[in-house]
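Undergrad: The structure is given below, and queries will be raised subsequently.
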Amino acid sequence: MSARVVAVSGPLAGRMFQLGETSLTFGRSPDNAVVIASQRASRRHAEIRREGGSYVLVDLGSSNGTLLNGQPVQRQLLRTGDTFAIGDEVFRFEELAGAALEPTLPVGSSPPPQRPQSPPPAAGWSGQPAPPPPAAPGWPGQPAQPPPAAGWPGQPAQPPPAAGWPGQPAQPPPAAGWPGQPPSAPPPAAGGFQLPPVPPAAQPPAAQPRRFPIWLVLIGVFACIVLAVAVAGGVMLLNRGGGGGNGGGNNNASGGGFTTSPIAQPTTPTREPPPNAAEWTVLVYLDGDNNLESDAIDDFEEMARVGSTDQVHVIVQLDRIRSPEFWDDERYGNWEGTLRFRVEAGMEPTRANALADLGERNMGDPATLSDFLIWGIENYPAKRYAIILWDHGASWLGIASDDTDGDALNLPEISSAFETALARTRIGGFELIGFDACLMAQIDVFHTVAPYGRVAVASAELEPNTGWAWDAWLEQLVANPAQDGYAIGPVIVQTYMDSFRGQSADEVTLSAFDLTRMNELVSGLDALAQELQRGVQQSYTAIGQARSFANVYAPSYAEEFNAIDLPHFLNLLPQQGATGAVRDRAAQLLRAIESARLANGVGSYHRESGGLSIYFPQLVSLYAEAYERASPTPRATAWEEFLTAYYQASGAAVQRPTIRDLAINRDVVSVNAPASLTGTLAGSDIAYVFQFIGIPNDRRDTVDLILVDFIYPPGAAPGSQVPNWSDGEFSLRLNWDATNWYLSNGNDAIEVLLGPIKYGFEFYGVEGIYTSTATGEQINAGLVFAIQGNEAQLLRVWGFPRAAGKQEPQPFELTPRAGDTFTAYYRSYTDTGSGLEANRFEGQTITFGDAPLKAVRGPTLSGDYVMGFLVRDIAGNYHYSYVDVAVDNTNVPTTPGGAVTPPPAGTAQAGFQRYEGTLGFAIDYPQNWRAFDTGNDRIIFSNRAVDDGVYVVVDVYKFVDDDPTIATRTLMEELKSAVNQQGELRVDVTDFQIAGLNGLKLEYAYPLDQGGNSYVVAVVVTSPNTLWTYLVMFEAPESSFDSQLELFNAMLSSLVIG
């Protein structure tokens, strides 16, 4: 006898589940065979067991019971035609006589039924074009799990399963799209990079069971999040014409034969708003039941600077927490629980001002969200509604972390809550859906909410705790309440970016998208993924390079979120050599994204970002199986199948780079006698190259890193975020003066690993553990610094708090308190014979004082070390080679060393400013330029706000040879060799006077990615006083180089070398 269960009503309607020898389980927990999103279902609610030749329905002690044919049952034999209800789902049991037992099918593997015809248009939004083709409820079957693939040994273990997606809730009949969407333009086009991923020293204990535990247990490397000193980017406001998005999804099968249903559009309202309805009701789900409580109160105060009017209701549900932790906020009576407000101008968030006191509510429960939406819509009717979810965000993992209840909303629960609220209120859809949270501008998130709204606003990057500029955008909405979501969405983006002008937030992003165009994006992604999967062998190099160089969000925490910028990835594919169908599909999807994007705000750190991320772990060991259950996108597209194929292809497609011919000029190094290491790098699949100093273990199979930094390829344009390590050989050089970085509180100092955060940027970080002396709480933390010479200023501290033994994805700005401590982490790499295994371990501890910590460069301890080069290939694997060196800093004071101050050179010329660092030279540069200290004895002078390709670069080599003439000639020969490999020699080596010293000059050109050539005049000279060798390069586009000669000569004439 063959039997099955068919879902006949509820969000899973139309799905069929084959019965076999294994029990079929039902409930809210993700490990059930049938996962039910309804809040009325228990975690493990019921199951159907095979007993003999029959099937038995068994209730597993559920809270709300199981109804069989309308009657509650504990255990009952099933007969053909029986119906049973669990939560909001109704199922029918069917026996298929004469058929053999079939394998159990995954959820949604059967063809979905046809959607009922739409009813006649009702009152509401008007002027819609014809609706898209009807969409059947639910997403198709779950793709196969990716098989094990070769990866790094010792990578983080897979996170625990997340809540299953029970299928997209059945949508109301689709109605015509909305009119009046404004047009679009291309995005600004930043690659991302972080230190090599490192798992923690020990696996965290398993999380306690709770309702829908979609948050991953975050393990692996912790590192800091970059912040800069000023926003140099901007907002690209995009407008487009046309009506609602009726582009259907791609129904072509890929790999496993899954099909894609078009995304249902928000329906036409089925009830008229009352005559006195306001223009807008803005519903704010303000979750401060965690370490963002203080920021939630601050944003409430921002809302109250404007307040509600007769045309704009600002309705807030605020949940607070009382905690002994240092981040607890005691303002306004330090109340805890959940209050509701209609925010008035000047209002304070007190109990006395609240409309309702709900007691403690679990903001991570979809029932709490849907209840708030229904209450707000029914009590404050309007022509348009906005819902903004405010809290910690984590892309496809979800949002709204409630610490009191240990819960959070995942994407299936958000969908369920929206579906419930809209079905109850019959308003059709939300005009705007916003996420004032980190990382939520992801295609999976927009895919989830697209059936319920017109416009989405979110950030693809981590948001600083201050969040949106609530007073600024609400002020504009109140001033013109007749504007729709297509108008106010870009306003939210613009005011957010404006709020960070002149502050430390180069990394911020915010974007607005037209949700009615999501069908085009999802079908375009499916088409691209199919082509990537089919052509993965032929196109692996282009795909791997595009993935390696694509802009990464939460860049130094990327191993947990694995979110890259999708438009930047699409732009990079053809640039890195993708051709044919892959190139064409990438261009097609990029055009669809640009058409759907209404506004894109980016800081200079993300100037190439397109404002929409996608989940793309570079290594199979970082892939979370929970992704396939927690997001609609891997079910509706071939993206997961492509990732599987990509991981399988990596072993055969990537050639191992070689590092050879290492030579060091001395075996003992000190502050007064620097060492120089040279070597040759060869390979065709190189992504990034590092130089490092480390301490080897006795077995010579592990190296603990104490110093690491990027090496820039020959001809690298300053500010470029994509290194060009093309096929061939490269000369490498590492100079070290036996110094390292120390954290100092003014009294004490500890040696630390201060590493780069992103290629092409001057921001460095120290990872470690922040410990609160008040509570003993330990928080993974990252200190972010900007380097200037031999000192680095602390910009910000990011904390990633742990709860119940796990690392929660809740990054927040941490304000250190005097007396609290910081224990620094180091990283180590072990050669297992098949690859490098990464680890981390604790170093020394320092106490915070009243003044901020700073990093200073000082002599390292005497002992045995190694100097070497570390290479990351395009598959994300690492390779290194090193030589031994001894440090003898006996009788050297532990103060910042190696600094040479240039002789006084007077004041800067008119219109210029003076650079006088610690690298032994001084030079004038224009007032509107910036001196970028890479922290690697390299200073880049440029106008980074315009990125016009005009640069002056000074590289300092602290020891090449004892003879200045030989040192100058040696470095020039290395430069000429690199030019012959990578560029075109224009003027051969000639003698040249610079800073009153005898040097050598060379002129060359190299091609730019965007076309044309960059022209470089390079001068090499060695100081007879310090024996430091300087490489000074004046660079501009060849077509405009002559127009820069006056500027270059003014800078050259001001150069002084000590």
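First residue of the sequence shown: 1, per full-length UniProt numbering; consecutive thereafter. Cβ coordinates follow ideal geometry from the N, Cα and C atoms, glycine included.
So which of GLY428, PHE446 and TRP390 has the shortest CA-CA distance to PRO412?
TA: PHE446
Undergrad: Quick one: any contact between the region 918 to 931 and the region 777 to 786, if contact means 3 or more CB pairs under 8 Å?
TA: no
Undergrad: With H, G and I counted as helix, E and B as strand and the rest as coil, what does DSSP make of ASP484?
TA: coil
Undergrad: Taking 8 Å as the cut-off, decide whether the C-beta atoms of GLY610 and LEU566 are in contact.
TA: yes
Undergrad: Below 8 Å, how does it come out for the region 647 to 662 and the region 677 to 684: are there three or more Cβ pairs, yes or no?
TA: yes
Undergrad: Rank VAL671, LEU783, SER942 and GLY81 by C-alpha distance to the C-alpha of PHE848 and give the top, closest one.
TA: LEU783
Undergrad: What residue from GLU974, TYR1030, SER650 and THR990 has the CA that sits closest to ARG938's CA?
TA: That would be TYR1030, whose Cα lies nearest to the Cα of ARG938.
Undergrad: Give me the Cα-Cα distance between GLY141 and VAL35, rounded to the nearest whole angstrom.
TA: Here GLY141 scores only 32 on pLDDT, less than 50, and its place in the model should not be relied on; the value that follows carries that caveat. Going from the Cα of GLY141 to the Cα of VAL35 covers about 13 Å.
Undergrad: Measure the C-alpha to C-alpha separation of GLN74 and PHE84 and round it to an integer number of angstroms.
TA: 12 Å
Undergrad: Cα separation between GLY53 and ARG15?
TA: 24 Å
Undergrad: Which residue from PRO756, PHE959 and ASN697 puts its Cα closest to that of residue 1059?
TA: Residue 1059 cannot be examined here, being either before or after the span of the chain that is shown, 1 to 1058.
Undergrad: Going by other Cβ atoms of all chains shown within 10 Å of its Cβ, with 16 needed for buried, is GLY651 buried or exposed?
TA: exposed
Undergrad: Check each candidate in GLU431, LEU1008, ALA527 and ALA673 and name the one with the smallest Cα separation from ASN889.
TA: ALA673
Undergrad: From the DSSP secondary-structure annotation, give me the bridge partner or partners of PHE869.
TA: GLN691 and SER881
Undergrad: Taking PRO451 as the reference, which of GLY502, THR509, ASN519 and TRP468 has the closest Cα?
TA: When only C-alpha atoms are compared, the closest one is ASN519.
Undergrad: Report the residue from SER2, ARG92 and ALA33 whose alpha carbon sits nearest the alpha carbon of ALA13.
TA: Looking only at SER2, ARG92 and ALA33, the smallest Cα-Cα distance to ALA13 is reached by ARG92.
Undergrad: Where do the ends of the alpha helix (DSSP H) carrying MET1033 lie?
TA: Segment 1029 to 1037 is the beta strand (DSSP E) holding MET1033; no alpha helix (DSSP H) there.
Undergrad: Within a Cβ cutoff of 6 Å, which residues of the same chain sit near SER511, ignoring the five residues on either side of it in sequence?
TA: ALA441, ASN600 and GLY611
Undergrad: So what's residue 1063 in DSSP terms, helix, strand or just coil?
TA: Residue coverage of the chain in this structure runs from 1 to 1058, which leaves residue 1063 outside it and unanswerable.
Undergrad: Our contact map puts LEU753 next to ARG817 with C-beta atoms below 8 Å; I'd like the distance itself, whole angstroms only.
TA: Not quite, the Cβ-Cβ distance comes to about 24 Å (not below 8 Å), so this is no contact.
Undergrad: Measure the CB-CB distance between ILE874 and GLN545 and report whether it falls below 8 Å.
TA: Against a cut-off of 8 Å, the Cβ pair of GLN545 and ILE874 comes out as a contact.
Undergrad: Can you give me the Cβ contacts of LEU292 inside the same chain, cut-off strictly under 7 Å, excluding the 5 residues immediately before and after it?
TA: ASP391, HIS392, ASN465 and PHE812
Undergrad: Are the CB atoms of SER670 and VAL892 nearer to each other than 8 Å?
TA: yes
Undergrad: Counting Cβ pairs closer than 8 Å, one from the region 394 to 402 and one from the region 286 to 306, do we hit at least three?
TA: yes
Undergrad: Can you name, in chain order, every residue of its own chain whose Cβ lies under 6 Å from the Cβ of SER772, other than the five neighbours on each side?
TA: Within the same chain, and ignoring the five residues on either side of SER772 in sequence, the residues whose Cβ sits closer than 6 Å to its Cβ are PHE326 and ASP820.
Undergrad: Can you tell which of LEU853, PHE959 and VAL1016 has its C-alpha closest to the C-alpha of PRO1024?
TA: PHE959
Undergrad: Could you confirm whether any beta carbon from chain B is found closer than 8 Å to the beta carbon of LEU783?
TA: The chain inventory of the structure shown lacks chain B, comprising one protein chain alone.
Undergrad: Could you tell me the boundaries of the alpha helix (DSSP H) in which ILE433 lies?
TA: Run containing ILE433: none in the alpha helix (DSSP H); it sits in the beta strand (DSSP E), 430 to 436.
Undergrad: Please list the terminal residues of the continuous alpha helix (DSSP H) segment that includes THR702.
TA: Segment 702 to 711 is the beta strand (DSSP E) holding THR702; no alpha helix (DSSP H) there.
Undergrad: By Cβ distance below 8 Å, which residues in the same chain neighbour VAL90 in space, the five residues on each side in sequence not counted?
TA: The answer, listed in chain order, is ALA7, VAL8, SER9, GLY10, THR83 and PHE84.
Undergrad: Under three-state DSSP, which class holds PHE616?
TA: coil
Undergrad: From this set, HIS879, GLY428, LEU68 and TRP736, which residue's C-alpha is nearest ASN665's C-alpha?
TA: TRP736
Undergrad: Report yes if the C-beta distance between residue 1118 and LEU24 is below 8 Å; otherwise report no.
TA: It is not possible to answer for residue 1118, since the shown part of the chain is limited to 1 through 1058.
Undergrad: Taking only three categories from DSSP, how would you classify ILE86?
TA: strand
Undergrad: Start and end of the alpha helix (DSSP H) containing MET303?
TA: 293 to 304
Undergrad: Tell me whether PHE841 is buried or exposed, calling it buried when 16 or more other Cβ atoms sit within 10 Å of its Cβ.
TA: exposed
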